[in-house]
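The structure under discussion appears below in the form of structure tokens.
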Ligand SMILES: Cc1cc2nc3c(=O)[nH]c(=O)nc-3n(C[C@H](O)[C@H](O)[C@H](O)COP(=O)(O)OP(=O)(O)OC[C@H]3O[C@@H](n4cnc5c(N)ncnc54)[C@H](O)[C@@H]3O)c2cc1C
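Numbering (this note's numbering), first residue to last: 1208 to 1648.
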């Protein structure tokens, strides 16, 4: 039996859930924000306490609110004026302060419109959301904003020398100043861990391994203007589009090409058929990710310096069997392109393979799939959604009261991970919800 009824229940209080609650409150709709810890608004991305972890999007583009582009810069001018340069990259911790502040400001302005519950949601059925504290919350509509799950260490045996969740508090505490490290994954999480290690005085050597050995590219010192994309970079077979995009990079530079694609990526994804999407995911995705999700120039300089001084080696290949003992790890691996190599050895293995989205095994969504109330998209990237983010059932019919927001909505929108994309999706969900909700306050 449900204890309380709300117009909207939001499961997950990271950036997506918290800022959705704020926009709903501004729009006159009350919501309950169900979050598994007391720090709503932060999530994995903005809960770092280390100011050396920088945003990977320029400060001037990080407004939390669609249609109010200066919101973050204005907040910085008032609270951290030394960081208010819109073309720079602010610390993620400071961004978390901004998001928390905005949530608190909205709660103060519209008392009672956002109720917070600190608990984990573990089940959704027709009538409500089951919480780990034993309560059941009833709501007219539910938004799943469950975000980036912790990585699943696939091939490594659990052991004291394997850091399987690098974001866990104290994850790097035992790493010694001269210890050697094997990092599995060469993306943004690897970059973050290197920054964290250096800040702790680490002086050792690291090897970073991923299938292709691709490392995120750097932003330029100043913002890039979007290139003029020719028509054949936007329509037709994927291979022709890629050729046209490559040709455009000669005239405009690759960053200009990425800037031109950025605002229309979700539309191109929506128009693509399953075969085109599959080709993108299978062949282009690793390249897309490192050019699209770029790092701040000064972080890139640090990495380049470490590589040049041979403290960081980046290798391409597939991780094999990992063995650990009390002194370290031995990891078998197959280099990309073949050949045999001795195992990679290190004092520590840090899993930086990033979030693992698996709605089929998530206790919250697996029962929805099993009962036919939801289905996976044809590529099994995530739950299949309609253009408003509503969950499609096994027959393809949208559930008018169940939405997905943020990274787990990737199957429908592809670009729904970074703030500039999520804040647009928030507006779409608000639009869909506001029309059908009873106003409060
Ligand atoms: C390390 C990192 C750095 C990033 N840097 C940037 C950046 O610089 N710029 C940018 O634009 N984007 C960045 N991103 C992208 C990031 O995904 C978004 O900016 C945004 O933080 C996503 O927020 P979210 O709320 O959707 O997910 P999350 O931040 O993952 O938050 C979801 C929250 O929901 C909680 N939760 C999950 N399941 C339940 C449940 N069943 N019950 C209750 N609570 C639950 C989780 O504990 C979590 O705190 C970064 C991502 C990461 C991981």
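Even for Gly, the Cβ is constructed at its ideal location relative to N, Cα and C.
Between residue 1361 and residue 1369, what straight-line distance do the alpha-carbon atoms span, to the nearest angstrom?
Unreliable placement is indicated for residue 1361, whose pLDDT of 41 sits below 50; the coordinate value is still reported in the next sentence. Approximately 12 Å between the Cα atoms of the pair.
Since residue 1590 and residue 1577 should fall inside the 8 Å C-beta cutoff, what is the C-beta to C-beta distance between them, to a whole number of angstroms?
The pair is not a contact, with the Cβ atoms about 13 Å apart (cut-off 8 Å).
Nearest-angstrom Cα distance between residue 1527 and residue 1418?
12 Å
4 or more residues per run - each alpha helix (DSSP H) lying fully within the stretch 1376 to 1456
1395 to 1406
Roughly how many angstroms lie between the CA atoms of residue 1535 and residue 1505, to the nearest whole one?
One alpha carbon belongs to residue 1535, the other to residue 1505, and they sit about 31 Å apart.
Rounded separation between residue 1268 and residue 1276 - CA only
7 Å
Any heavy atom of ligand 2 inside 7 Å of the beta-carbon of residue 1304?
Absent from the structure shown: ligand 2. Ligands present: ligand 1.
For the alpha helix (DSSP H) that residue 1488 lies in, which residues bound it at each end?
Segment: none, residue 1488 is in no alpha helix (DSSP H) and carries neither H nor E.
So for residue 1601, helix, strand or coil by DSSP?
coil
Quick one: Cα of residue 1639 to Cα of residue 1595, how far?
Each residue's Cα considered, the two are about 7 Å apart.
Just to confirm my understanding: we take residue 1250, look at its own chain, exclude 5 residues before and 5 after, and list those with CB closer than 6 Å. What are they?
1221, 1222 and 1354
Evaluate contact between the stretch 1466 to 1478 and the stretch 1429 to 1442, counting only Cβ atoms and requiring at least three cross-stretch pairs below 8 Å.
yes
Taking DSSP's pairing of strands, which residues face residue 1213 in a bridge?
1346
Residue 1321 vs residue 1553 beta-carbon contact at 8 Å
no
DSSP beta-bridge partners for residue 1181?
What the structure shows of the chain is the stretch from 1208 to 1648, and residue 1181 is not part of that stretch, so it cannot be assessed.
Span of the beta strand (DSSP E) around residue 1543:
Segment: none, residue 1543 is in no beta strand (DSSP E) and carries neither H nor E.
Measuring only the C-alpha atoms, how far is residue 1382 from residue 1501?
27 Å
List the whole-angstrom C-beta distance separating residue 1236 from residue 1215, where the pair is believed to meet the contact cut-off of C-beta under 8 Å.
About 6 Å; that satisfies the 8 Å criterion.
Using only the alpha-carbon positions, how far apart do residue 1579 and residue 1477 sit?
Rounded to the nearest angstrom, the two C-alpha atoms are 23 Å apart.
DSSP on residue 1374, reduced to helix/strand/coil?
Coil, per DSSP.
Residues in its own chain within less than 6 Å of residue 1646 by CB, not counting five upstream and five downstream?
Unreliable placement is indicated for residue 1646, whose pLDDT of 44 sits below 50; the coordinate value is still reported in the next sentence. These residues qualify, in order along the chain: 1235.
Start and end residues, alpha helix (DSSP H) containing residue 1314
1299 to 1316
Under 7 Å: does the beta carbon of residue 1660 sit that close to some heavy atom of ligand 1?
The question about residue 1660 has no answer, for the chain in this structure spans 1208 to 1648.
What residues match up with residue 1330 in a beta bridge as DSSP calls it?
According to DSSP, which records beta bridges pairwise, residue 1330 is partnered with 1337.
Would residue 1413 pass as a contact of residue 1518 if the rule is Cβ separation under 8 Å?
yes
Contact test: residue 1243 Cβ vs ligand 1 heavy atom, cutoff 7 Å:
yes
Proximal residues to residue 1513 (C-beta, below 6 Å), its chain only, five neighbours per side dropped:
1519
If residue 1634 sits next to residue 1273, beta carbons under 8 Å apart, how far is it from one beta carbon to the other, in whole angstroms?
5 Å
Taking only three categories from DSSP, how would you classify residue 1552?
strand
Taking C-beta to C-beta, are residue 1592 and residue 1616 nearer than 8 Å?
yes
Using 10 angstroms around the beta-carbon of residue 1604, count the other beta-carbons present and answer buried if the total reaches 16, otherwise exposed.
exposed
Put residue 1273 into one of helix, strand or coil per three-state DSSP.
coil
Anyone know if the C-beta pair for residue 1266 and residue 1293 falls short of 8 Å?
yes
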